[in-house]
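Colleague: Per my numbering, numbering through the sequence shown is continuous, rising by one, with the last residue being 192.
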Amino acid sequence: CCGMIWESKGMPDIADRKTAELEAALLKASEDGRYPVLCDQSPCLHRMRLHIKALKLYEPAEFIYDYLVPHLFFEKEDISVAIHVTCSSRLMGLADKIVSLASLCATSVTVPAEVGCCGFAGDKGFTVPELNRWGLRKLRPELEAAGVTEGFSNSRTCEIGLTTNSGVPYRSIAYLVDRCTKPKK
8 CCGMIWESKG MPDIADRKTA ELEAALLKAS EDGRYPVLCD QSPCLHRMRL HIKALKLYEP
68 AEFIYDYLVP HLFFEKEDIS VAIHVTCSSR LMGLADKIVS LASLCATSVT VPAEVGCCGF
128 AGDKGFTVPE LNRWGLRKLR PELEAAGVTE GFSNSRTCEI GLTTNSGVPY RSIAYLVDRC
188 TKPKK
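1) Could you compute how far the alpha carbon of residue 67 sits from the alpha carbon of residue 132?
2) Could you compute how far the alpha carbon of residue 86 sits from the alpha carbon of residue 31?
3) Counting pairs of Cβ atoms below 8 Å between the stretch 66-83 and the stretch 125-141, do you hit three or more?
4) Please state whether DSSP places residue 85 in a helix, a strand or coil.
5) Going by CA-CA distance only, name the one from 15, 9, 102 that's closest to residue 59.
6) Looking at C-alpha atoms only, which residue of 113, 33, 128, 50 is the closest neighbour of residue 182?
7) Around the Cβ of residue 174, are there at least 16 other Cβ atoms within 10 angstroms (buried) or fewer (exposed)?
8) If contact is defined by three or more beta carbon pairs under 8 Å, each pair taking one atom from either stretch, is the stretch 156-170 in contact with the stretch 47-57?
9) Going by DSSP, what residue range makes up the alpha helix (DSSP H) through residue 182?
10) Within 10 Å of its beta-carbon, does residue 104 have 16 or more other beta-carbons around it, so buried, or fewer, so exposed?
11) Quick check for students: name the residue ranges of the beta strand (DSSP E) that lie wholly in the stretch 20-99, counting only runs of 3 or more.
12) Just to check my reading of the structure: residue 121 and residue 149 have Cβ atoms closer than 8 Å, yes? What is that Cβ distance to the nearest angstrom?
13) Quick check: the Cα distance between residue 42 and residue 99, rounded to an integer number of angstroms?
14) Express the C-alpha separation of residue 129 and residue 19 in angstroms, rounding to a whole number.
15) Can you look up residue 114 in the DSSP assignment and give me helix, strand or coil?
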């Protein structure tokens, strides 16, 4: 646990303890930073980057874009997809990378103009679903108008709320990239 859930509930001491525990475990697993660490939850990565400076930390879109794209052959599919850029991805300056990845894979990419924050707010979408529903109230019509059949992001909790409130399945951008690529020879 990166500690973010505790920080958001007003428990900074527990949050910092959890971050320290995570840092120790990741230092060991990465052989003291020899190997990069991939975190598939962009909000967690944001907190990790603020507090864990000794490691190379990435989320899927950034890692794929920076390290894998040059080694992959992309077969673009004739599909219309939506990309949800998480709040934390915007804060980390990663919006262009996830959209660029989707554009390598799909003929049509929509970043819904009427949705900034999805309103899931960490884990609040589980206990206060109205918050998520309100944040996404304009999403379904925009996706329908664009003919979107699938959505992609880089935060599982956001993806849960997006799927529930849009009628379109949302998954990690890594699934789309995996489906549309082959290694270069």
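Yeah, the Cβ is synthetic: ideal placement off N, Cα and C, and Gly gets one too.
Just so it is clear, the structure is predicted and the values come from calculations on it, not from any experiment.
Modeller: Once the coordinates are examined:
1) Here residue 67 is taken as the residue at index 60 of the sequence shown, counted from 1. Here residue 132 is taken as the residue at index 125 of the sequence shown, counted from 1. Cα to Cα, the separation comes out at about 23 Å.
2) In the sequence shown, counting from the first residue as 1, residue 86 sits at position 79. In the sequence shown, counting from the first residue as 1, residue 31 sits at position 24. Whole-angstrom Cα-Cα distance: 43 Å.
3) no
4) Against the sequence shown, residue 85 aligns to sequence position 78. Here residue 85 sits in strand by DSSP.
5) What you label residue 59 is simply residue 52 of the sequence shown in a count that begins at 1. Ranking 15, 9, 102 by Cα distance to residue 59 puts 9 first.
6) Stepping through the sequence shown from its first residue, residue 182 is reached at position 175. With distances taken between Cα atoms, residue 182 lies closest to 113.
7) Locating residue 174 in the sequence shown gives position 167, where the first residue counts as 1. Residue 174 should be labelled exposed.
8) yes
9) Mapped onto the sequence shown, residue 182 falls at position 175. Looking at the DSSP string, the run of the alpha helix (DSSP H) that includes residue 182 is 180-187.
10) Here residue 104 corresponds to residue number 97 of the sequence shown, with the count starting at 1. Per the 10 Å Cβ criterion, buried.
11) 79-81, 84-90
12) Residue numbering aside, residue 121 sits at position 114 when the sequence shown is read from its first letter. Residue numbering aside, residue 149 sits at position 142 when the sequence shown is read from its first letter. The pair is a contact, with the Cβ atoms about 6 Å apart (cut-off 8 Å).
13) Along the sequence shown, one-based indexing puts residue 42 at 35. Along the sequence shown, one-based indexing puts residue 99 at 92. Straight-line Cα distance between these residues: approximately 21 Å.
14) Stepping through the sequence shown from its first residue, residue 19 is reached at position 12. Stepping through the sequence shown from its first residue, residue 129 is reached at position 122. Distance between the alpha carbons of residue 19 and residue 129 is about 16 Å.
15) Your numbering for residue 114 matches position 107 in the sequence shown. In this structure, residue 114 counts as strand in the three-state DSSP scheme.
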